[in-house]
Amino acid sequence: MALAHRTASAAEIRVAVEGTVTNRLLHEQLRTRRPVACIPLTPNHCRLRPCSCLGASDGRVLVRRRPGDCLQSTCLRSRHTGPTPGVMVWGAISYGSRNTLVVIPRTLTANLYVSLVIQPVVLPFMNSIQGGVFQQDNARPHTAVVTQHDLKSVDMLLWPARSPDLSLFEHVWGSIGRQLQRHPQPALTVPVLTDQVQQAWNSISQTDIRHLYDTMHSRLHACIQNSGGYTGY
15 MALAHRTASA AEIRVAVEGT VTNRLLHEQL RTRRPVACIP LTPNHCRLRP
65 CSCLGASDGR VLVRRRPGDC LQSTCLRSRH TGPTPGVMVW GAISYGSRNT
115 LVVIPRTLTA NLYVSLVIQP VVLPFMNSIQ GGVFQQDNAR PHTAVVTQHD
165 LKSVDMLLWP ARSPDLSLFE HVWGSIGRQL QRHPQPALTV PVLTDQVQQA
215 WNSISQTDIR HLYDTMHSRL HACIQNSGGY TGY
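Residue numbers (this note's numbering): 15 to 247.
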């Protein structure tokens with residue numbers, strides 16, 4: 015432009031150039047967007063994730079509103095501001111069944127995990143599934159020697175780190191979380207919260223769980239195709 019219009023000022027040239035860049039970006043449909051949040055994957059994670067393959071609604075509530083309508087009653091979502099109760103639970107799913115949800119009464123140690131979950135729940139549950147393979151994440155109580163000793167009779171599938179996209183249970187926990195968020199009476203005590211979590215767990219249909227299992231082939235294929243990278247699940 016400086017050669018074609020030698021009398022143009024620096025400000026005029028700057029406006030013209032910026033407009034040209036903007037038009038080119040719009041023509042290529044390259045619009046400014048926030049990056050998608052994801053779990054960091056190192057090259058080692060990417061290397062290990064496909065090995066496991068061969069062997070998240072995010073729960074947010076969105077509203078559509080005009081500028082200045084942010085304080086309209088229909089655009090507000092109330093939240094509890096006092097102390098929030100918490101409860102730890104343990105569950106397992108399979109294509110055809112699920113276990114009874116286990117409430118963890120205190121900090122989970124390896125010995126408590128074995129006595130409260132592995133022996134009374136996991137072993138009978140796995141024995142009821144012909145050819146079943148058990149998988150759990152890499153939490154310390156799960157990988158402890160005492161836990162592995164009690165699971166020596168169970169076929170295990172190693173869990174690749176940082177792989178919620180390969181965990182069907184993430185969708186189950188997400189469903190429970192969304193039900194708790196939508197509950198008309200937020201739990202203010204641990205017993206009430208425990209009861210609501212149990213109700214949410216029971217309300218998830220086995221058909222929905224089967225549908226999750228039916229997506230596993232696509233999940234594994236996407237992970238392998240992306241060399242262990244992000245899959246979009």
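Where a beta carbon is used, it is the ideal one built from N, C-alpha and C, also for glycine.
This structure is a prediction, so every number in the text was calculated from the model and none was measured.
Distance CB(Ala124)-CB(Thr161) smaller than 8 Å:
yes
Ile238, DSSP secondary structure in three states
helix
Check His231 in the structure and name its three-state DSSP category.
helix
What are the residues that DSSP puts in a beta bridge with Met170?
Phe148
Could you check whether the stretch 114-130 touches the stretch 232-240, counting it as contact only if at least three pairs of C-beta atoms, one from each stretch, sit closer than 8 Å?
no
Should Gly242 and His41 be called a contact, given that it needs their Cβ atoms to be closer than 8 Å?
no
Under 6 Å Cβ to Cβ from Leu207, same chain only, skipping five residues before and after it: list those, please.
Apart from the 5 residues on each side of it in sequence, Leu207 sits with its Cβ closer than 6 Å to the Cβ of Pro99, Val101, Ala201 in its chain, given in chain order.
Under 8 Å: do the stretch 166-173 and the stretch 134-148 share three or more Cβ pairs, one atom per stretch?
yes
DSSP state of Ile118 mapped onto helix, strand, coil
strand
Residues that Ile107 bridges to, as DSSP identifies them
Arg112
Can you check which of these residues, Thr121, Trp104, Pro119, Arg120, is closest to Asn113 by C-alpha distance?
Trp104
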